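S.K.:
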Amino acid sequence: MDPSVELSPDPAVSTVGHEQEQGELPESGNLSSAGMSCSAFPNVGQEQEPVFSLIRHPGSSKVAFKTGDEDPVLLPLVKRRDFTLYRKRTYKLQTVSPDISFLLSSDPSFPIRYAAASGSLSFYHWKVKEIITVTYEGIGKVSMTWLHLFALLPGYHPVVKLLIDHAADPNAVDSLHHQTPLYLANTRATATVLIDNGAEVNVIDKWSQTPLLLARQRNRHSVVDVLLDNGADPNISGWYEQTPLLLAARHGHHSTTELLLSNGVDPNIPDSNKRTPLLLASQYGHHSIAELLLANGADPNIPDSDNQTPLLLASQHGHHSIAELLLGNGADPNIPDSNKRTPLLLASQYGHHSIAELLLGNGVDPNIPDSNKRTPLLLASQYDYHSIAELLLANGADVLAADIFDKTPLI
Numbered sequence: 001m002d003p004s005v006e007l008s009p010d011p012a013v014s015t016v017g018h019e020q021e022q023g024e025l026p027e028s029g030n031l032s033s034a035g036m037s038c039s040a041f042p043n044v045g046q047e048q049e050p051v052f053s054l055i056r057h058p059g060s061s062k063v064a065f066k067t068g069d070e071d072p073v074l075l076p077l078v079k080r081r082d083f084t085l086y087r088k089r090t091y092k093l094q095t096v097s098p099d100i101s102f103l104l105s106s107d108p109s110f111p112i113r114y115a116a117a118s119g120s121l122s123f124y125h126w127k128v129k130e131i132i133t134v135t136y137e138g139i140g141k142v143s144m145t146w147l148h149l150f151a152l153l154p155g156y157h158p159v160v161k162l163l164i165d166h167a168a169d170p171n172a173v174d175s176l177h178h179q180t181p182l183y184l185a186n187t188r189a190t191a192t193v194l195i196d197n198g199a200e201v202n203v204i205d206k207w208s209q210t211p212l213l214l215a216r217q218r219n220r221h222s223v224v225d226v227l228l229d230n231g232a233d234p235n236i237s238g239w240y241e242q243t244p245l246l247l248a249a250r251h252g253h254h255s256t257t258e259l260l261l262s263n264g265v266d267p268n269i270p271d272s273n274k275r276t277p278l279l280l281a282s283q284y285g286h287h288s289i290a291e292l293l294l295a296n297g298a299d300p301n302i303p304d305s306d307n308q309t310p311l312l313l314a315s316q317h318g319h320h321s322i323a324e325l326l327l328g329n330g331a332d333p334n335i336p337d338s339n340k341r342t343p344l345l346l347a348s349q350y351g352h353h354s355i356a357e358l359l360l361g362n363g364v365d366p367n368i369p370d371s372n373k374r375t376p377l378l379l380a381s382q383y384d385y386h387s388i389a390e391l392l393l394a395n396g397a398d399v400l401a402a403d404i405f406d407k408t409p410l411i
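Residue numbers are given in the UniProt record's numbering: position 197 of the sequence shown equals residue 197, and the series is strictly consecutive.
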C-alpha cells in the first residue's frame, strides 16, 4: 500500500488540490536552483491562517517548502524507510490519500507517478492547524498534526521550526498513542527545535512511555542524547516497568548504555519480572555491555522472578566470555533457579563444555541436583555430551546418583 495523506474532513479547513492538472501552473516565482517552479499561493491576510506548500519538479532532487511571500526552503528527499516507526514491533506509517509521501520520496518510481508531461509539477497546500490521518501498516486510522509528520522525517527540522513559528502546538497528541511530535523526532536537530520551543520531555503516552523510551527503542542515539541533556528522566519505566537502560542492554546498544550510565542511571533497576540490565545483557550475549554495567556497579547476583541469575543464563546460552566476566566480578556459581537448576547443570544439559569446565574450575559441586533430582552428569549422559560427562566424572560426579524416576547416568 502506498503511503498518502488524508486531510481532516472539517469543512472549515480549506485546501488546494493535491496535484495540478497536467496543464501549466499559474505564473509564479522561479526556483531554478532546485529545478522547480512554484505556483502563486493564495493571498493570506493578517487575520487568516497561513497556507504552507510543498512543491517538487519530477526531475528535482529537492522539495521546496514555502509559506506566503517568504523565501522557499529547499529540503532533501526522503527514503520510504524514513516513514517507519518502532514500538514493540516495526510499523510503517502510511498516510491516507491524497499521496504526499511520493512527493517527498527519493523512490525512483516518483517520475512514473507524477511526470505525465515534461516539466509538470507536483505540489500540495495545507494550513498549519489541519489534521492528517495516517495508518500503521494499513491497520486503523490515526489523526495527528503536520508537526508530527515532519518531525519524523530527517532533514525537515526547518519545516518543524516554521510550523511552530506559525502557532503549531509542539505538545499536540495523536489520537491513538497520545504521543507528541517529540516521540517521532528522528534527528538531533528536530528534537532540539521541539524542546527549544516548549515540547515537554517527560510526557507520558497512552502506553506509559516517554519520548526517551521510544527514542531508545528506535536506537536514535543522538535524540537520546538531546533528551537527557534537556532533563529527560532516564529512570521512568514503560511497559513491564522497562527502563531505557534495560532496553539498551537487552538489544546490545553499547553507546546508548554508556550514555545512560554517564547520566547517573541506576544499573540495578529491574523490570516487572525482576530482570536487571546485567541479566538481560548476559542472557543475550552482549559482553561489552555486561562489562560496562559491572564497571558501573551492577550486582552480578540479583536474580529475576524465576531466581535466574546473570551467570545461570550466560551458562545456559553458552556465553563463555560473559560467564568468565561474571565469575571474575563476584558471581556466585552455586545459586540455583526456582527449579533448583544450577549454572553447571544447565551448561551440562545444553552442551557447553567450556563453561562447564570454567565452573568446575571455580569449585562448583558437580553433584547438585535439580528439583527432579537430575544431576549434571545424568543430563550430559542423557543428551550424549560425552566430553562433558567425562569432565564431570574427572571432577567427582557420582555415576550412581538417581533422579525421581530412578534413572542414573548408567541407565
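C-beta atoms are modelled at their ideal positions from N, C-alpha and C, and glycine is treated no differently.
Quantities reported herein were computed from a predicted structural model and do not represent experimental measurements.
Around the Cβ of LYS66, are there at least 16 other Cβ atoms within 10 angstroms (buried) or fewer (exposed)?
M.R.: It is buried - the Cβ of LYS66 has at least 16 other Cβ atoms within 10 Å.
S.K.: Quick check for students: name the residue ranges of the alpha helix (DSSP H) that lie wholly in the region 177–209, counting only runs of 4 or more.
M.R.: 181–184 and 188–196
S.K.: Closest by CA to LEU292, which one among HIS319, SER262, ASN273 and ALA314?
M.R.: SER262
S.K.: Who pairs with ILE302 in a beta bridge, going by DSSP?
M.R.: DSSP lists no partner for ILE302.
S.K.: For LEU410, report the span of its beta strand (DSSP E) as first-last.
M.R.: From DSSP, LEU410 is part of no beta strand (DSSP E); its letter is neither H nor E.
S.K.: What residues match up with LEU75 in a beta bridge as DSSP calls it?
M.R.: VAL63
S.K.: Who are the Cβ neighbours of LEU152 in its own chain at under 6 Å, not counting the five residues just before and after it?
M.R.: LEU184 and ASN186
S.K.: Closest by CA to ASN273, which one among VAL265, SER288, THR243 and ASN296?
M.R.: The candidate whose alpha carbon is nearest that of ASN273 is THR243.
S.K.: Whose C-alpha, out of ALA191, SER338, ALA389 and PHE83, is nearest the C-alpha of GLN349?
M.R.: Comparing C-alpha distances from GLN349 to each of ALA191, SER338, ALA389 and PHE83 shows the shortest one belongs to ALA389.
S.K.: I need the DSSP call for GLY328, collapsed to helix, strand or coil.
M.R.: helix
S.K.: If you reduce the DSSP assignment to three classes, tell me which class VAL226 lands in.
M.R.: helix
S.K.: If ASP398 and ARG374 are in contact, beta carbons under 8 Å, what's the gap, nearest whole angstrom?
M.R.: With a beta-carbon spacing of about 12 Å, ASP398 and ARG374 fall beyond the 8 Å limit used to define contacts.
S.K.: Rounded to a whole number of angstroms, what is the C-alpha to C-alpha distance between residue 416 and THR190?
M.R.: The chain is shown only over 1 to 411; residue 416 falls outside these bounds and no answer can be derived.
S.K.: What does the Cβ neighbour count give for ASP196, buried or exposed, with the cut at 16 atoms within 10 Å?
M.R.: exposed
S.K.: Which of the three DSSP states, helix, strand or coil, is assigned to ILE131?
M.R.: If DSSP states are grouped into helix, strand and coil, ILE131 belongs with the strands.
S.K.: Helix, strand or coil, according to DSSP, for THR84 in the structure here?
M.R.: In the structure shown, the three-state DSSP call for THR84 is strand.
S.K.: Could you compute how far the alpha carbon of LEU294 sits from the alpha carbon of ARG188?
M.R.: 30 Å
S.K.: Taking DSSP as the reference, what is the three-state secondary structure of VAL159?
M.R.: helix
S.K.: Considering Cα atoms alone, identify which of SER305, SER288 and SER282 is closest to ALA331.
M.R.: SER282
S.K.: Using the Cα positions of PHE405 and ILE411, report the straight-line distance between them to the nearest angstrom.
M.R.: 11 Å
S.K.: If you reduce the DSSP assignment to three classes, tell me which class LEU400 lands in.
M.R.: Three-state result, LEU400: coil.
S.K.: So, for ASN43: in the same chain, excluding its five sequence neighbours on each side, which residues have a beta-carbon less than 8 Å away from its beta-carbon?
M.R.: Interpretation of ASN43 is limited by its pLDDT of 40, a score under 50 that renders its predicted location unreliable; the figure taken from the coordinates is listed afterwards. There are no such residues.
S.K.: For the candidate residues SER381, TYR383, ASN334 and LYS340, whose alpha-carbon lies nearest to that of LEU359?
M.R.: Checking every option, the nearest Cα to that of LEU359 belongs to ASN334.
S.K.: Quick test of your reading: PRO211 and LEU228, contact by CB under 8 Å. State the CB separation rounded to the nearest angstrom.
M.R.: The Cβ separation is near 11 Å, so there is no contact.
S.K.: If you drop the 5 nearest sequence neighbours on each side, which residues of the same chain put their C-beta closer than 6 Å to that of ASN339?
M.R.: ASP370 and SER371
S.K.: For ARG220, which of THR135, LEU182, SER101 and LEU378 has the nearest alpha-carbon?
M.R.: LEU182
S.K.: LEU194 and VAL224 look like a contact to me (Cβ under 8 Å); what is the Cβ gap, rounded to whole Å?
M.R.: Between LEU194 and VAL224, the beta carbon gap of about 14 Å keeps them out of contact (Cβ cut-off 8 Å).
S.K.: Classify LEU312 as buried or exposed, calling it buried when 16 or more other Cβ atoms lie within 10 Å of its own Cβ.
M.R.: It counts as buried.
S.K.: Please give me, in chain order, every unbroken run of the alpha helix (DSSP H) with length at least 4 that falls completely inside the region 227–288.
M.R.: 244–251, 254–262 and 277–283
S.K.: Using 8 Å as the threshold, is the C-beta distance between SER315 and ILE368 below it?
M.R.: no
S.K.: May I ask you to report which of helix, strand or coil DSSP gives residue 419?
M.R.: It is not possible to answer for residue 419, since the shown part of the chain is limited to 1 through 411.
S.K.: Can you list, in chain order, the stretches of the alpha helix (DSSP H) that have 4 or more residues and sit fully within the region 331–397?
M.R.: The region 331–397 contains these whole alpha helix (DSSP H) runs: 343–349, 353–361, 376–382 and 386–394.
S.K.: Would you call LEU346 buried or exposed, if buried means 16 or more other Cβ atoms sit within 10 Å of its Cβ?
M.R.: LEU346 comes out buried.
S.K.: Inspect the beta-carbon positions of LYS127 and THR133 and report whether they are closer than 8 Å.
M.R.: One thing to note: LYS127 has its Cβ no nearer than 8 Å to the Cβ of THR133.
S.K.: So, under 8 Å CB-CB, HIS287 and SER321 are touching, yes? Tell me the CB distance rounded to an integer number of Å.
M.R.: 5 Å
S.K.: In whole angstroms, what is the alpha-carbon distance linking PHE41 and HIS125?
M.R.: Note that PHE41 scores 33 on pLDDT, short of 50, meaning its location in the model is unreliable; the coordinates nonetheless yield the value given after this. Rounded to whole angstroms, PHE41 to HIS125 spans 9 Å at the Cα level.
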